[in-house]
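Trainee:
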Amino acid sequence: MSADVSKLDAYWMPFTANRQFKQAPRLLTQADGMYFRDDKGREILDGIAGLWCVNAGHNRAKIVKAIQEQAAELDFAPPFQMGHPKAFELAERLAAIAPTGMNRVFFTNSGSESVDTALKMAIAYHRVRGEGARTRLIGRERGYHGVNFGGISVGGMVANRKMFGSLLAGVDHIRHTHDPARNAFSVGIPPHGAEFAEDLERLVALHDASTIAAVIVEPVAGSTGVLLPPQGYLQRLREICDKHGILLIFDEVITGFGRTGKPFAAQTFGVTPDLMTVAKGITNGCVPMGAVFAQQKIHDAFMTGPEHLIEFFHGYTYSAHPLACAAGIATLDTYADDDLLTRAARMEGEFAKALHSLREEPNVIDVRNIGLVGGIELKPLDGQPAKRAFNVFLDCWDKGLLIRTTGDTVALSPPLIIESGHIERIVDTLRGALRRAA
Ligand code: PXG
Ligand code: PLP
Numbered sequence: 027m028s029a030d031v032s033k034l035d036a037y038w039m040p041f042t043a044n045r046q047f048k049q050a051p052r053l054l055t056q057a058d059g060m061y062f063r064d065d066k067g068r069e070i071l072d073g074i075a076g077l078w079c080v081n082a083g084h085n086r087a088k089i090v091k092a093i094q095e096q097a098a099e100l101d102f103a104p105p106f107q108m109g110h111p112k113a114f115e116l117a118e119r120l121a122a123i124a125p126t127g128m129n130r131v132f133f134t135n136s137g138s139e140s141v142d143t144a145l146k147m148a149i150a151y152h153r154v155r156g157e158g159a160r161t162r163l164i165g166r167e168r169g170y171h172g173v174n175f176g177g178i179s180v181g182g183m184v185a186n187r188k189m190f191g192s193l194l195a196g197v198d199h200i201r202h203t204h205d206p207a208r209n210a211f212s213v214g215i216p217p218h219g220a221e222f223a224e225d226l227e228r229l230v231a232l233h234d235a236s237t238i239a240a241v242i243v244e245p246v247a248g249s250t251g252v253l254l255p256p257q258g259y260l261q262r263l264r265e266i267c268d269k270h271g272i273l274l275i276f277d278e279v280i281t282g283f284g285r286t287g288k289p290f291a292a293q294t295f296g297v298t299p300d301l302m303t304v305a306k307g308i309t310n311g312c313v314p315m316g317a318v319f320a321q322q323k324i325h326d327a328f329m330t331g332p333e334h335l336i337e338f339f340h341g342y343t344y345s346a347h348p349l350a351c352a353a354g355i356a357t358l359d360t361y362a363d364d365d366l367l368t369r370a371a372r373m374e375g376e377f378a379k380a381l382h383s384l385r386e387e388p389n390v391i392d393v394r395n396i397g398l399v400g401g402i403e404l405k406p407l408d409g410q411p412a413k414r415a416f417n418v419f420l421d422c423w424d425k426g427l428l429i430r431t432t433g434d435t436v437a438l439s440p441p442l443i444i445e446s447g448h449i450e451r452i453v454d455t456l457r458g459a460l461r462r463a464a
């Protein structure tokens with residue numbers, strides 16, 4: 027059954043080549059475990075956990091049941107000046123697995139909202155402490171922090187920024203950490219580049235620390251092509267932030283919930299931020315939800331003034347939505363039942379070996395991996411950036427495998443329930459596609 031193109035017009039699709047898609051639609055209609063099914067009944071192996079979010083695999087019984095029951099019990103509760111029990115329960119459960127001291131949780135509905143929330147918290151935190159001049163936000167080149175104005179301002183993807191005017195004022199960027207000349211084909215964390223963190227000292231020298239509120243980075247950058255932090259880099263960034271009283275924000279929207287082998291990448295790398303943004307895996311992708319984790323000292327700094335007054339003028343109609351909270355609790359149960367938040371560490375060796383076996387395939391110029399994240403960078407077609415990788419994407423889809431591409435990098439982030447047979451199939455399918463794309 028091919029889709030009726032006249033019925034595809036109304037939906038303006040996000041981050042999609044709309045015209046190409048509507049000529050040859052790729053429609054998913056069902057999902058279970060490691061697989062999607064498309065509208066033609068084909069089984070599609072999910073190489074990217076939906077979009078870095080379905081960490082426990084699709085259609086998990088406990089989560090489905092929790093959402094169904096919640097919808098019938100309490101469909102909505104206003105989050106402002108009101109609460110419902112599952113919001114508090116989920117926050118406690120999240121605090122229990124969080125990096126050291128990050129025991130205060132603010133709910134949002136997406137990664138983009140989490141990022142803008144964390145940036146606002148950082149600026150307001152300094153102000154409530156009497157350092158109101160600390161308003162400057164520092165991001166990083168090649169960062170992705172969602173699509174809202176705060177997020178694209180601190181973000182470092184040209185395509186996401188250039189169309190949208192002057193963005194937030196008072197933002198600057200440190201350099202990215204991608205250094206293929208020294209680090210190509212590193213297995214796991216690349217050895218070279220801790221010194222890139224010193225770029226923050228350059229911005230401190232330029233702007234003065236007294237004007238800087240926070241630095242935001244992804245511990246592992248996903249959307250911009252799977253860029254890993256060089257050994258010692260995040261530690262150095264933490265030290266420089268501490269030296270200058272600058273808050274460090276980790277954007278863990280893709281690294282959160284087990285992707286790198288511990289619950290959060292902060293734990294994998296042994297570096298604790300002041301604020302941490304999450305989304306995606308918080309509900310296994312089933313209901314939109316995001317959150318910001320804060321160190322208690324940040325939360326407590328707001329708890330001054332008359333007790334009947336609102337301390338932080340921020341929140342969303344759907345913050346801590348009952349369906350999302352029910353899904354989140356059942357998701358944490360599912361992760362615990364199957365020991366999934368550390369499974370990526372156990373699968374990392376096998377996954378890395380399989381990915382790096384693609385090294386000799388045509389046009390592969392780098393392979394990068396950590397936990398259950400993989401990046402395979404391809405030499406671009408002359409004068410047609412991103413085209414070769416997109417061809418590989420379409421070829422894999424044709425062969426029943428869903429991957430992601432960003433620029434000319436293939437990104438893999440399979441559900442954490444992945445088994446050896448799936449890894450083999452992913453790599454074999456990619457190998458074929460790379461040869462055909464040569
Ligand atoms: N921060 C990071 C680090 C992300 O990866 C967001 C913020 C925004 O989250 P929302 O929920 O607003 O989309 C993200 C999202 C990809 C891809 O293909 C990754 C994301 C979104 C879309 C595509 O790598 N990450
Ligand atoms: N726009 C208008 C007119 C609103 O009334 C509201 C919320 O009340 C919003 C935007 C924000 O919506 P949300 O809280 O879902 O982010």
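Numbering (the numbering used here), first residue to last: 27 to 464. All C-beta atoms in this analysis are idealised placements derived from N, C-alpha and C, irrespective of residue type, glycine included.
1) Suppose contacts are defined by Cβ-Cβ distances below 8 Å. Is Ile-443 in contact with Gly-83 by that definition?
2) Can you give the beta carbon distance from His-382 to Val-393, rounded, assuming they're within the 8 Å contact cut?
3) Please name the residue in Arg-187, Asp-101, Leu-194, Asn-186 whose C-alpha comes closest to that of Lys-146.
4) Can you tell me the Cα-Cα spacing of Tyr-170 and Pro-256, whole angstroms?
5) Just the Cα atoms here: how many angstroms apart are Phe-102 and Gly-109?
6) Provide the residue span of the alpha helix (DSSP H) that contains Val-436, from first to last.
7) Beta carbon of Ile-280: closer than 7 Å to some heavy atom of the ligand PXG?
8) Which of the three DSSP states is assigned to Gly-258 in this structure?
9) Kindly examine the ligand PXG and report whether one of its heavy atoms sits closer than 7 Å to the Cβ of Asp-277.
10) Trp-78 to Arg-155, Cα distance in whole Å?
11) Which of the three DSSP states is assigned to Asn-417 in this structure?
12) What does the alpha-carbon distance come out to for the pair Met-27 and Phe-416?
13) Where does Ser-446 land, buried or exposed, given buried means 16+ other C-beta within 10 angstroms?
14) Just reading off the alpha helix (DSSP H) that Gln-322 is part of, what are its end residues?
15) Look at the alpha carbon of Val-279 and the alpha carbon of Pro-332, and state the distance between them as a whole number of angstroms.
16) Work out the CA separation of Tyr-37 and Phe-377 for me, nearest whole Å.
17) For Thr-203, which of helix, strand or coil comes out of DSSP?
18) Rank Asn-174, Ala-437, Cys-351, Arg-461 by C-alpha distance to the C-alpha of Gln-94 and give the top, closest one.
19) What do you reckon, is the C-beta of Arg-52 under 7 Å from a heavy atom of the ligand PXG?
20) Tell me the rounded alpha-carbon separation between His-340 and Met-60.
21) Tell me the rounded alpha-carbon separation between Arg-166 and Thr-303.
22) Please report how far the alpha carbon of Phe-132 lies from the alpha carbon of Leu-427, in whole angstroms.
23) Pick out whichever of Ala-148, Gly-196, Ile-396, Gln-107 has its Cα sitting closest to the Cα of Lys-288.
24) Between Asp-58 and the rest of its own chain, which residues show a CB-CB distance below 6 Å, the 5 nearest in sequence each way excluded?
25) At 4 residues or longer, what runs of the alpha helix (DSSP H) sit wholly inside the stretch 112-165?
26) Does the separation of the CB atoms of Arg-262 and Ala-231 fall below 8 Å?
27) CB His-199 to CB Ile-238, shorter than 8 Å?
28) What is the DSSP secondary structure of Phe-295, counted as helix, strand or coil?
29) Can you look up Phe-62 in the DSSP assignment and give me helix, strand or coil?
30) Give a yes or no on whether the C-beta atoms belonging to Thr-203 and Val-318 are separated by under 8 Å.
31) DSSP three-state label for Met-373, please.
32) Please report the distance separating the alpha-carbon of Gln-321 from that of Arg-130.
Mentor: Taking the structure as given:
1) If you check the CB distance, Ile-443 and Gly-83 come in under 8 Å.
2) Yes, His-382 and Val-393 are in contact; Cβ-Cβ is about 5 Å, under 8 Å.
3) When Arg-187, Asp-101, Leu-194, Asn-186 are compared, the shortest CA-CA separation from Lys-146 is found for Leu-194.
4) Rounded to whole angstroms, Tyr-170 to Pro-256 spans 18 Å at the Cα level.
5) Taking the straight line joining both Cα atoms gives about 10 Å.
6) That residue, Val-436, is in no alpha helix (DSSP H); its beta strand (DSSP E) goes 435-438.
7) It does: the Cβ of Ile-280 is within 7 Å (strictly closer) of some heavy atom of the ligand PXG.
8) In the structure shown, Gly-258 adopts coil according to DSSP, grouped into three states.
9) The ligand PXG has a heavy atom closer than 7 Å to the beta-carbon of Asp-277.
10) Going from the Cα of Trp-78 to the Cα of Arg-155 covers about 37 Å.
11) It is helical.
12) Note that Met-27 scores 47 on pLDDT, short of 50, meaning its location in the model is unreliable and no value can be drawn from it.
13) Flag for Ser-446 reads exposed.
14) Counting along the chain, the alpha helix (DSSP H) containing Gln-322 begins and ends at 322-328.
15) Cα to Cα, Val-279 sits roughly 35 Å from Pro-332.
16) The straight-line gap from Cα to Cα measures roughly 37 Å.
17) If DSSP states are grouped into helix, strand and coil, Thr-203 belongs with coil.
18) Gln-94 has its Cα closest to that of Cys-351, out of Asn-174, Ala-437, Cys-351, Arg-461.
19) Flag unset: Cβ of Arg-52 not near the ligand PXG.
20) Distance between the alpha carbons of His-340 and Met-60: 38 Å.
21) Their backbone Cα atoms lie some 16 Å apart in a straight line.
22) Going by the C-alpha atoms only, they are around 36 Å apart.
23) Of Ala-148, Gly-196, Ile-396, Gln-107, the residue nearest in Cα terms is Ile-396.
24) His-84, Asn-85, listed in sequence order.
25) The qualifying runs are 137-154.
26) Taking 8 Å as the cut-off, the Cβ atoms of Arg-262 and Ala-231 do not count as close.
27) No, the Cβ-Cβ distance between His-199 and Ile-238 is not below 8 Å.
28) Under the three-state reduction of DSSP output, Phe-295 falls in the helix class.
29) Phe-62: strand per DSSP, three-state reduction.
30) Taking 8 Å as the Cβ cut-off, Thr-203 and Val-318 do not qualify as a contacting pair.
31) Residue state, collapsed to three classes: helix.
32) Across the structure, Gln-321 and Arg-130 are spaced so that their CA atoms are roughly 6 Å apart.
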